[in-house]
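Numbering that gives the first Met the number 0 applies: residue 0 is where the sequence shown begins, and numbers increase by one.
Data block below; observations after.
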Amino acid sequence: MIDFLVVHEDGRPLTYTVEDLNRYHGFGFPGGVAHAFKVMQRALPLLSPDAPAERREITVRTPFKGQGGRDAFEMVTRATTEGRYTIDDGLLALERGEILKGYVFVLGYRGRQVKLIIREGIVREEFILLGRKPDRTPEEDQHLAWLKQDMAERLLRLPADEVYDPA
0 MIDFLVVHED
10 GRPLTYTVED
20 LNRYHGFGFP
30 GGVAHAFKVM
40 QRALPLLSPD
50 APAERREITV
60 RTPFKGQGGR
70 DAFEMVTRAT
80 TEGRYTIDDG
90 LLALERGEIL
100 KGYVFVLGYR
110 GRQVKLIIRE
120 GIVREEFILL
130 GRKPDRTPEE
140 DQHLAWLKQD
150 MAERLLRLPA
160 DEVYDPA
């Protein structure tokens with residue numbers, strides 16, 4: 000299983016591991032970092048099958064608002080600071096229900112686009128419900144932190160094509 004990402008900057012390779020992305024992001028949302036890592040592992044070879052994509056030409060549109068995901072995309076693509084990262088609630092997959100509706104990512108590169116959706120069974124309902132709960136207790140916050148780390152670990156054990164599918 001591939002455990003890194005490679006993009007180009009001006010034709011020169013840059014390699015990123017999930018550990019690199021977590022060091023950039025910090026500790027708050029490891030699941031979001033893992034989601035973005037898997038999305039890029041899945042999408043970039045589809046967008047640029049013959050060579051690593053030029054990082055500053057990749058676009059990202061998603062309804063996913065997680066800070067870990069945003070930071071991971073930023074580190075690899077610089078899309079946030081360069082205006083190529085867009086939160087788009089129009090992409091919400093409402094037909095997939097409350098748990099899965101926000102796990103939609105559209106990446107673009109040199110006139111090509113790929114839309115990815117998460118497979119069923121990856122995101123736990125408890126994770127979503129507890130994350131949205133206002134006024135969590137300290138115990139609930141602790142459990143949510145565990146659920147975030149659990150999400151990251153489960154995602155990272157799987158090949159990207161077992162997490163996200165083209166839609």
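Even for Gly, the Cβ is constructed at its ideal location relative to N, Cα and C.
Contact test: residue i Cβ vs the ligand SAH heavy atom, cutoff 7 Å
i             : result
isoleucine 57 : Among the components modelled here there is no ligand, and therefore nothing to report on the ligand SAH.
Distance between residue j and residue i (C-alpha atoms, nearest Å)
i                : j             : result
glutamate 97     : aspartate 134 : 20 Å
glycine 10       : alanine 151   : 31 Å
aspartate 49     : proline 12    : 14 Å
phenylalanine 28 : glutamate 18  : 13 Å
glycine 89       : lysine 64     : 13 Å
Whole-angstrom C-beta distance between residue j and residue i, which should lie under 8 Å
i            : j            : result
valine 32    : leucine 115  : Actually they are not in contact, since the Cβ atoms of valine 32 and leucine 115 sit about 16 Å apart, beyond 8 Å.
histidine 7  : alanine 52   : 7 Å
leucine 106  : lysine 100   : In fact, because the Cβ distance is near 19 Å, the residues do not count as touching under 8 Å.
arginine 118 : threonine 85 : The pair is not a contact, with the Cβ atoms about 24 Å apart (cut-off 8 Å).
leucine 154  : histidine 24 : Not quite, the Cβ-Cβ distance comes to about 14 Å (not below 8 Å), so this is no contact.
Cβ neighbour criterion (16 or more within 10 Å) applied to residue i
i            : result
alanine 159  : buried
aspartate 2  : exposed
glutamate 73 : buried
leucine 46   : buried
alanine 166  : exposed
aspartate 70 : buried
glycine 30   : buried
Span of the beta strand (DSSP E), counted from its first residue to its last, around residue i
i               : result
phenylalanine 3 : 3-8
* Asked: Considering only residues of the region 49-77, which uninterrupted alpha helix (DSSP H) runs meet the minimum length of 4 residues and lie entirely inside it, listed in chain order?
  -> 66-76
* To do: With a floor of 3 residues, list each beta strand (DSSP E) that falls wholly inside the region 65-136, ordered by position along the chain.
  => 84-86, 103-108, 111-117
* To do: Can you check the region 5-38 for any beta strand (DSSP E) of at least 3 residues that lies completely inside it and give the ranges in chain order?
  => 11-16
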